[in-house]
Amino acid sequence: MQHVGHTPPFLRPNGSVLPGSIAEISVMPLGGLEQWVMLRGRNVENPPLIVLHGGPGFSETRLFRHHNGELERDFTVVYWDQRGTAKSYSDKIPGSSMTVEQFIRDLDELVDRVCRRLDQKKVTLFGHSWGSALGVLYAARFPDRVAAYVGSGQIGDWSAAEAGSYAYALAEAERRQDRRALRELGEVGPPPYGVDGLWTERTWLQRFEGKLGVSALWKLARVLLAGPEYSMADLSRLLRGFRFSLDAMWPEVSRIDLHELAPSLEVPTFFFLGRHDHWVPPETSTAYVESLRAPSKTLVWFEESGHEPFVDEPAKFNASMVQRVRPVSLGGRA
Numbered sequence: 001m002q003h004v005g006h007t008p009p010f011l012r013p014n015g016s017v018l019p020g021s022i023a024e025i026s027v028m029p030l031g032g033l034e035q036w037v038m039l040r041g042r043n044v045e046n047p048p049l050i051v052l053h054g055g056p057g058f059s060e061t062r063l064f065r066h067h068n069g070e071l072e073r074d075f076t077v078v079y080w081d082q083r084g085t086a087k088s089y090s091d092k093i094p095g096s097s098m099t100v101e102q103f104i105r106d107l108d109e110l111v112d113r114v115c116r117r118l119d120q121k122k123v124t125l126f127g128h129s130w131g132s133a134l135g136v137l138y139a140a141r142f143p144d145r146v147a148a149y150v151g152s153g154q155i156g157d158w159s160a161a162e163a164g165s166y167a168y169a170l171a172e173a174e175r176r177q178d179r180r181a182l183r184e185l186g187e188v189g190p191p192p193y194g195v196d197g198l199w200t201e202r203t204w205l206q207r208f209e210g211k212l213g214v215s216a217l218w219k220l221a222r223v224l225l226a227g228p229e230y231s232m233a234d235l236s237r238l239l240r241g242f243r244f245s246l247d248a249m250w251p252e253v254s255r256i257d258l259h260e261l262a263p264s265l266e267v268p269t270f271f272f273l274g275r276h277d278h279w280v281p282p283e284t285s286t287a288y289v290e291s292l293r294a295p296s297k298t299l300v301w302f303e304e305s306g307h308e309p310f311v312d313e314p315a316k317f318n319a320s321m322v323q324r325v326r327p328v329s330l331g332g333r334a
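The sequence shown: position 7 = 7 (the numbering used here), numbered continuously.
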């Protein structure tokens, strides 16, 4: 890895390192591949929270730290660039290793290392978008390692979500009478489609949501490069890793149906859904939530949010994590 980066310690008012805190970056061999992991928390006795980013292949470390860094007061937050993503990207990674099964094994090794490092028995998982599929599949297989699961942009039936996303983009193009959008979306056609079709649909969706303007892109770039953990070189690695991961994994992940693969979980579950999510339409998320069998299910709506409630409504997201999830995470230590 060309730029592992560094992360500042937690300090007391006199400038000394806060006792019991942790702020460290390491390169861990997970599944036989070096992968970038950062742990940050004011007290190592707090419950560990592993952030499972979306994509596949899109690191959300800087977004989460920028908007949700205060959670490091109540959790020990584990930031992980998954195999093929950003700091864990290499052009030497074989595409054949980019499978859902391999990611579950990588995550299991990470959970084991985190628990040993922090002297904990369980972790809490926060999964966003693709990470929500990974998190559910892991929790279903290893419930004894998971104190609680939190999903946002929650995948249920992935193909149904893609169909809903495409339908929204096409309807919005028709409403705006955008001839170019109508032509390009028409050429792609409804899903299932390949990665090129996905890029086309998502590009138009981002344009309709105002995320591809100069000011929006500049704001995003400033967030991604604001901290000492990342450098300008990492921006290129993030983009290359994103495309590599999607090319390698899209045929498999786009067919995931958690209704069949994980109809039940043995851990407490929380779902933080954006009311205006057009990437994973909330009706497809709630269909899974309603069918899921679990010891407890808590659904929290973020009325002003799209696909990323932790970015769109960070104050509510952080408060919900502390007030709702942390007590359950603490109770899962036994």
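Note that CB positions come from ideal geometry on N, CA and C, so glycine has one too.
Treat the numbers as computed from the prediction; the structure is a model and nothing was measured.
Item, Value
"Using DSSP with H/G/I as helix, E/B as strand and the rest coil, what is MET28?", "strand"
"Let's test the definition: count the other Cβ atoms within 10 Å of the Cβ of MET38 and tell me whether it reaches 16, buried, or not, exposed.", "buried"
"Between ALA248 and the ligand SAH, is there a pair consisting of the residue's CB and a ligand heavy atom that are separated by less than 6 Å?", "No copy of the ligand SAH appears in this structure; indeed no ligand is present at all."
"Take LEU63 and list the residues in its own chain whose beta-carbon comes closer than 8 Å to its own, dropping the five residues that flank it on each side.", "VAL223, LEU224, GLU308, PHE310, VAL311"
"Check the DSSP bridge columns for TRP372 and list the partner residues they point to.", "This structure does not reach residue 372, given that the chain is present from 1 up to 334, and the question cannot be answered."
"Helix, strand or coil for LYS297? Go by DSSP, reduced to three states.", "strand"
"Would you give the residue range spanned by the beta strand (DSSP E) that ALA148 belongs to?", "146-152"
"List the whole-angstrom C-beta distance separating PHE244 from GLY84, where the pair is believed to meet the contact cut-off of C-beta under 8 Å.", "6 Å"
"Measuring straight from C-alpha to C-alpha, what distance separates GLU162 and VAL17?", "47 Å"
"Taking DSSP as the reference, what is the three-state secondary structure of LEU110?", "helix"
"Helix, strand or coil for ARG73, going by three-state DSSP, please let me know.", "helix"
"Using the beta-carbon count (16 or more within 10 Å), is GLY20 buried or exposed?", "exposed"
"In the DSSP assignment, find the unbroken alpha helix (DSSP H) run with GLU174 in it and report its ends.", "158-176"
"Can you tell me whether PRO191 is buried or exposed, with buried defined as 16 or more other CB within 10 angstroms of its CB?", "buried"
"What distance in whole Å lies between the Cβ atoms of LYS122 and VAL146, which are believed to be in contact at a cut-off of 8 Å?", "6 Å"
"State whether the segment 85-92 contacts the segment 275-283, with contact taken as three or more CB pairs (one from each stretch) at a distance under 8 Å.", "no"
"What are the start and end residues of the alpha helix (DSSP H) that includes TRP130?", "130-141"
"What distance in whole Å lies between the Cβ atoms of ARG275 and PHE302, which are believed to be in contact at a cut-off of 8 Å?", "6 Å"
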